[in-house]
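Counting along the sequence shown from 1, when you hit position 472 you're at 473 in my numbering, and nothing is skipped either side. We put the beta carbon where it would ideally sit given N, CA and C, even for glycine. In this text the structure is predicted, and so the values were computed from the model without any measurement. What follows is a set of notes on a single structure, which appears directly below.
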Amino acid sequence: MSLLEVTNLSHTFGDKVVFKDTGLSLFRGDKMGLTGYNGAGKSTLLTMLAGTTIPDGGRIAWNPKIRVGYLDQQAQIKGADSVGAYLKTAFQYLYDAADAISKLNDEIAGCKDEMRLQELLTRMGEAQDVLDSGNFYAIDSEVEKVAAGLGIKAFGLDTPVGRLSGGQRAKVMLAKLLLQTPDVLLLDEPTNFLDHAHIEWLAKYLAAFKGSFILVSHDFTFLNRVVNCICDIQNYAVTRYNGTYESFVRQKEQRAEEYARTYHRQQKEIAKLEDYISRNLARASTTAMAQSRRKQLNKMDKLEKPQNDPEPTFQFQYRSVSPKVLVKIRGLEVGYHEQLLPKIDLQVRAGEKVCVSGFNGIGKSTFLKTICGIIPKLGGVLRTDEDTVMGYYEQEHHWENPERTALEEVKDAFPTLRDREIRAKLAQCGLRAEHVLQKLSSLSGGEQAKVKLCKLVLRPCNLLVLDEPTNHLDVKAIAQLERAIAAFEGAVIFVSHSPDFCRDVVQKRLDMEALFD
């Protein structure tokens, strides 16, 4: 049974074509992964399906009998004092039914009219059915179960929502969406802020989910575990592949080879027709034949030139340094207003690769910002050598002026570079030519990440401090980033929720959870 039909979808963003006369279908039982290179239009398509973006053309038709839930990473949490109170708003319709029963009880107690009494009792029975079917009396246990599964209990259900970090906020919004149990889930990068154990929990949840979902994720191990079909965005079109992610990769390679052969055959045929027309149109004896060939050419359904996904290359510039120890930390206390973690001891030597781990919200980002001097330490020793030059990659995308273009952003940081040099470097980092002149705010998460990485590779340093650098990046970019870190002569301190990222080059680990032992 079709839950969703998208037909003749077309959309542009400025001069950039995103979709051209394409479509897709979602059927009951579909657990769909949505793939494509950074900037292909995955998040844009989800916002269209959720109704928050209006396409330029085409039709999006949902089955009117189903409920659709959308995970919007940019949404704000409002109307709740605590995390627990916010999560319980997922069951607002049940609380409304319980309130209705309470009011009906009061009215029944004073009712003397038999017909009116029967009407009230009927309404009460209907409200009670809502409570029973919605498992009203198990709300607390359901909230506890999902909160534990996604790691929310680590920072507490009593935590005021105003104190949540970006990653914690994303977890809480995901938890509420799951508690609402819609018929279809629209999930945009749900694992970005989850630790390994919580990704495992979500994978099991989605595998057992009785509804359907459309999922965007650059965690391809996760994707492979939970989907049974893929819709891939390429050449402004959406193409469906049945099976796992691994099966999709094989099928796509075969289709791409076949499409390329068909395209090149057609190009040869077009060239042959054009040559015949140009040689014979002016000659009286062959004009009719040439005009016939022209009609044939005009009627031909011409194939789009195959698009190759951008292949980024990152190469961090090393600034030589003489000291063996770049950063020395002893008894360091970090936090914004009060100490967040036990005292930290760490020494980072030249060229050393250090992985910082711990559950989401424990204080990893705060620790990295303290090392970089973005927030002051609360106590202890933090000493960096005077020759230490840091390059910092912030987890969240914060731009001083999001209305700037990618070109202007890099130009502002490196005013001596010519526009041609900046364009070349942005292209090297995986941005297409049309993205260079787009506003930062209009770029996808992956494209914004590549702009930040471009600024990082242009500045020579001897210590890279990277906070979740793989978030939003596609598989090719992640692989290239791993190679760049391995090849970098300087030291690297990084945080990543992916346990496999740079596993082979890590020489030292700082497990923040172990600090509490």
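Please name the residue, chosen from the options, that lies closest to residue i on a Cα-to-Cα basis.
| i | options | result |
| --- | --- | --- |
| Val69 | Ala41, Gly52, Cys373, Cys230 | Gly52 |
| Lys300 | Lys306, Gln292, Asn9 | Gln292 |
| Ala478 | Thr287, Phe221, Glu490, Ala351 | Phe221 |
| Ala487 | Leu298, Leu158, Ser103, Cys356 | Cys356 |
| Val493 | Pro183, Leu464, Asp196 | Leu464 |
| Thr54 | Ala41, Ser26, His12, Ile376 | His12 |
| Ile61 | Tyr319, Gly111, Leu10 | Leu10 |
| Lys177 | Val476, Arg421, Ala76, Gly392 | Ala76 |
| Thr367 | Arg295, Pro311, Val466 | Val466 |
| Ala41 | Gly244, Phe502, Val217, Asp505 | Val217 |
| Asp302 | Tyr138, Ala149, Gln267, Ile200 | Gln267 |
Report the three-state DSSP secondary structure of residue i (helix, strand or coil).
| i | result |
| --- | --- |
| Cys112 | coil |
| Trp400 | coil |
| Glu145 | helix |
| Lys456 | helix |
| Ile278 | helix |
| Gly135 | coil |
| Arg256 | helix |
| Val18 | strand |
| Lys354 | strand |
| Asn193 | coil |
| Val334 | Just to set this straight, residue 334 is Glu in the shown sequence, not Val. Correct three-state label for Glu334: strand. |
| His368 | Going by the sequence as given, residue 368 is Phe instead of His. Helix. |
| Asp505 | coil |
| Ala198 | helix |
| Ile78 | coil |
| Leu293 | Looking at the sequence shown, residue 293 is not Leu but Ser. Helix, per DSSP. |
| Ile345 | strand |
| Ile102 | helix |
| Glu339 | coil |
| Leu432 | coil |
| Asn361 | coil |
| Gly59 | strand |
| Ile140 | helix |
Residue i and residue j: beta carbons closer than 9 Å?
| i | j | result |
| --- | --- | --- |
| Arg24 | Val7 | First, the amino acid is wrong: residue 24 is Gly here, not Arg. Cβ atoms of Gly24 and Val7: closer than 9 Å. |
| Leu511 | Ile372 | no |
| Leu88 | Leu203 | no |
| Val19 | Thr45 | yes |
| Asp16 | Glu435 | yes |
| Leu151 | Leu188 | no |
| Lys440 | Glu387 | no |
| Asn193 | Lys32 | no |
| Gly374 | Leu333 | no |
| Thr263 | Leu304 | yes |
| Val335 | Leu327 | no |
| Tyr319 | Pro461 | yes |
| Asn472 | Glu275 | no |
| Pro311 | Leu432 | yes |
| Ser166 | Gly446 | no |
| Ala128 | Ile102 | yes |
Less than 8 Å between the CB atoms is what I'm expecting for residue i and residue j, so what's the real figure, rounded?
| i | j | result |
| --- | --- | --- |
| Phe317 | Leu408 | About 21 Å; that fails the 8 Å criterion. |
| Phe249 | Ile231 | 4 Å |
| Gln508 | Lys325 | Not quite, the Cβ-Cβ distance comes to about 14 Å (not below 8 Å), so this is no contact. |
| Val173 | Val84 | 6 Å |
| Lys365 | Met513 | 6 Å |
| Leu474 | His219 | 6 Å |
| Ser213 | Leu27 | 6 Å |
| Glu448 | Asn39 | 5 Å |
Got a sec? Which residues, its chain only, sit under 6 Å from residue i by beta carbon, not counting five neighbours each side?
| i | result |
| --- | --- |
| Lys426 | Cys455 |
| Glu339 | none |
| Val144 | Leu88 |
| Arg131 | Here residue 131 turns out to be Val, not Arg, going by the sequence shown. Closer than 6 Å at Cβ, skipping near neighbours: Ala98. |
Taking 7 Å as the limit between beta carbons, can you name the residues of its chain near residue i, skipping five residues before and five after?
| i | result |
| --- | --- |
| Gly37 | Lys43, Asp233, Ile234, Gln235 |
| Lys453 | Tyr394 |
| Thr385 | Leu327, Val328 |
With a threshold of 8 Å on Cβ separation, who are the neighbours of residue i within its own chain once the five nearest residues in sequence on each side are excluded?
| i | result |
| --- | --- |
| Ile109 | Leu118, Leu121, Leu122, Met125 |
| Cys430 | Pro313, Thr314, Phe315, Lys451, Val452, Leu454, Cys455, Val458 |
| Pro500 | His197 |
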